[in-house]
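Numbering (the working numbering), first residue to last: 2 to 412.
Glycine included, every Cβ here is placed at the ideal spot set by N, Cα and C.
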Amino acid sequence: MKNTWLIALREFRQLVRSRGFLLASIGTPLILMIIWLATGAFEPTPATVTIQAPEDAVRSGTVIGYVDRADLIHRIPENVPADLFVPYDDEADATWALEQDEIQAYYLVPADYRQTGEIRRVSRQLSPEFPDQNLFNWILVGNLLPDASADELSGVRWPLAGGPRFVSISAEKNVDSGPNMMMPMMVTMMIMIPLFTSGGYLLRSLAKEKGSRVIEMLLVSVRPRQLLTGKLLGMGALSLVQYLFWGIIVWGATQVAGGSVTDLLSGINLVPSDVLLLALYALGGFTLYSAIMAGLGAMSPDMESSRVWTFVISLPMTIPIYLWQALVTAPNGPLAVALSLFPLSSPIAMVMRITSATVPTWQMALSLALLALSAVGIVWLMARLFRVHTLLSGEAPSLRRMWSALRMTTS
């Protein structure tokens, strides 16, 4: 056990001072936070977007409801389709109509709208675009300023404080307009980058040790499984330090912006239990992918021969990133559920769902169980590949060679 900890300490010390680690741990989040702060994520003042006259941007057959608790809307402007917006007495009636597909969405104008300027748009699923938003905004402005002409209304500034709050009845979570709509992607990237970097570091470390013949000296004093365990522990500690750096940077950014971490979590619909789930998925994803990369590194004579395999192994984790818009807009749809249950993509797909929807408990439990079983199984298999004859071999990795190595260890 002592040798395992020594290897872990050596791995940690060697990589924590590298330029690549410092850039990924400090530089990347700093750039993301600067961009985020520049967009005004914590800006307390209302947005000021010029009102534009309505255009025929809403599909034919679309019906949008509204609940006017502020008793503001007394007329629909002439240039707004008469059958597009339907009034409802209360939110329950509007929600029932939405569930029965009688309307595609509805707006809720609260009683204190004149003081706060805040409204909600409720729909079945979130969407990146809402063509009816400008039309409803035109209705609000027309009723706030009933004596203004169309030309005068076109010069009015956006009357909603910071934009509407979008709500999905299927997701049961709110999403603010503006910078916070990108938060599921930002949280996902903060989970994914350490997974990529830790696996890459492990692969490069093994390749470097093979090339310099350090691996031969290590195998004189330690067993292959001790080498694997030590490297995984060292990489795990490195990832924890990376998350610690990121947490400090996020805390500092919230202080500079005049906010708090609690405000940030509420803005992205996260509660403490969600943060715990994110940590579990990060741990499971790290164990799974680091073990796979370690097995690949054990069979690769150098980095060049493992590049194609690195891409193939990482592909399942990047698929949710490519499909993030589909996952965030339909977080409880079949595609999102399938990707969040498949162990190789669940660390990323489920993070997207958690930050944009209320995920059924059974799906989270099943997903975590599958991820944990897969991680344990992969570590067990890769430990069998960490044999002297495999580590010292100069052959390029292949499925046939991997199968032969596994059969050899079981015989």
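Under 7 Å between C-beta atoms of residue i and residue j
| i | j | result |
| --- | --- | --- |
| LEU413 | PRO321 | The structure shown does not extend to residue 413, since the chain spans only 2 to 412, so no value can be given for it. |
| GLY66 | ALA93 | no |
| VAL360 | LEU279 | no |
| SER357 | VAL313 | no |
| ALA106 | ARG121 | no |
| ALA384 | ARG226 | yes |
| MET187 | TRP325 | no |
| LEU16 | LEU239 | yes |
| LEU289 | SER199 | no |
| ILE293 | ILE194 | no |
| ALA299 | LEU386 | yes |
| THR413 | GLY201 | The chain is shown from 2 up to 412; residue 413 falls before or after that span and cannot be answered. |
| PRO78 | GLY143 | yes |
| TYR89 | ALA83 | no |
Per-residue DSSP class, three states only, for residue i
| i | result |
| --- | --- |
| ASP94 | helix |
| LEU342 | helix |
| PRO361 | coil |
| SER124 | strand |
| ALA106 | strand |
| ILE65 | strand |
| PRO273 | helix |
| PRO348 | helix |
| PRO82 | coil |
| PRO147 | coil |
| VAL223 | coil |
| PRO332 | coil |
| PRO30 | helix |
| PRO88 | strand |
| PRO111 | coil |
| GLN326 | helix |
| GLU119 | coil |
| LEU10 | helix |
| ARG20 | helix |
| LEU196 | helix |
| GLN15 | helix |
| MET353 | helix |
| MET218 | helix |
| ASP72 | coil |
| GLN243 | helix |
| GLN1 | What the structure shows of the chain is the stretch from 2 to 412, and residue 1 is not part of that stretch, so it cannot be assessed. |
| GLN101 | coil |
| ILE250 | helix |
Integer-rounded CB distance, given that residue j should sit under 8 Å from residue i
| i | j | result |
| --- | --- | --- |
| VAL110 | LEU136 | Contact doesn't hold; Cβ gap of about 14 Å is too wide. |
| VAL81 | TRP139 | 6 Å |
| ASP91 | VAL68 | 6 Å |
| ALA112 | ARG70 | 4 Å |
| LEU420 | SER346 | A query on residue 420 cannot be resolved here, the shown segment of the chain reaching from 2 to 412 and no further. |
| ALA331 | ALA350 | So it is not a contact: roughly 12 Å between Cβ atoms. |
| THR189 | ASP133 | That pair is no contact at about 29 Å. |
| PRO373 | SER301 | Note that residue 373 corresponds to Ala in the displayed sequence, not to Pro. No, ALA373 and SER301 are not in contact; Cβ-Cβ is about 27 Å, not under 8 Å. |
Same chain, Cβ closer than 8 Å to residue i, five either side skipped, listed in chain order
| i | result |
| --- | --- |
| LEU342 | GLN364, LEU367, SER368, LEU371 |
| PHE246 | SER26, ILE27, PRO30 |
| SER206 | GLU12, GLN15, LEU16, LYS232, GLY298 |
| LEU23 | none |
| LEU85 | VAL59, THR63, VAL64, ILE65, ASP133, LEU136 |
| LEU281 | LEU369 |
Sequence-distant residues of the same chain with beta carbon closer than 7 Å to residue i, five excluded per side
| i | result |
| --- | --- |
| ARG286 | At residue 286 the sequence reads Gly, which differs from the Arg that was named. Correct list, in chain order: LEU196, PRO348. |
| ILE355 | ASP275, LEU278, LEU279 |
| VAL223 | ASN4, ILE8 |
| ARG214 | none |
Sequence-distant residues of the same chain with beta carbon closer than 6 Å to residue i, five excluded per side
| i | result |
| --- | --- |
| ALA283 | ILE192 |
| GLU100 | none |
| GLU210 | ILE216 |
| GLN243 | SER26, PRO195 |
| TYR114 | ALA71 |
Contact with chain B by residue i, beta-carbon distance below 7 Å
| i | result |
| --- | --- |
| LEU219 | No chain B appears in the structure shown, which is made up of a single protein chain. |
Discussion item. Taking 8 Å as the cut-off, does the region 227 to 235 touch the region 5 to 19 (at least 3 CB pairs, one atom from each stretch)?
Written reply: yes
Fill in: Contact between the region 20 to 35 and the region 216 to 229 (3+ Cβ pairs under 8 Å)
no
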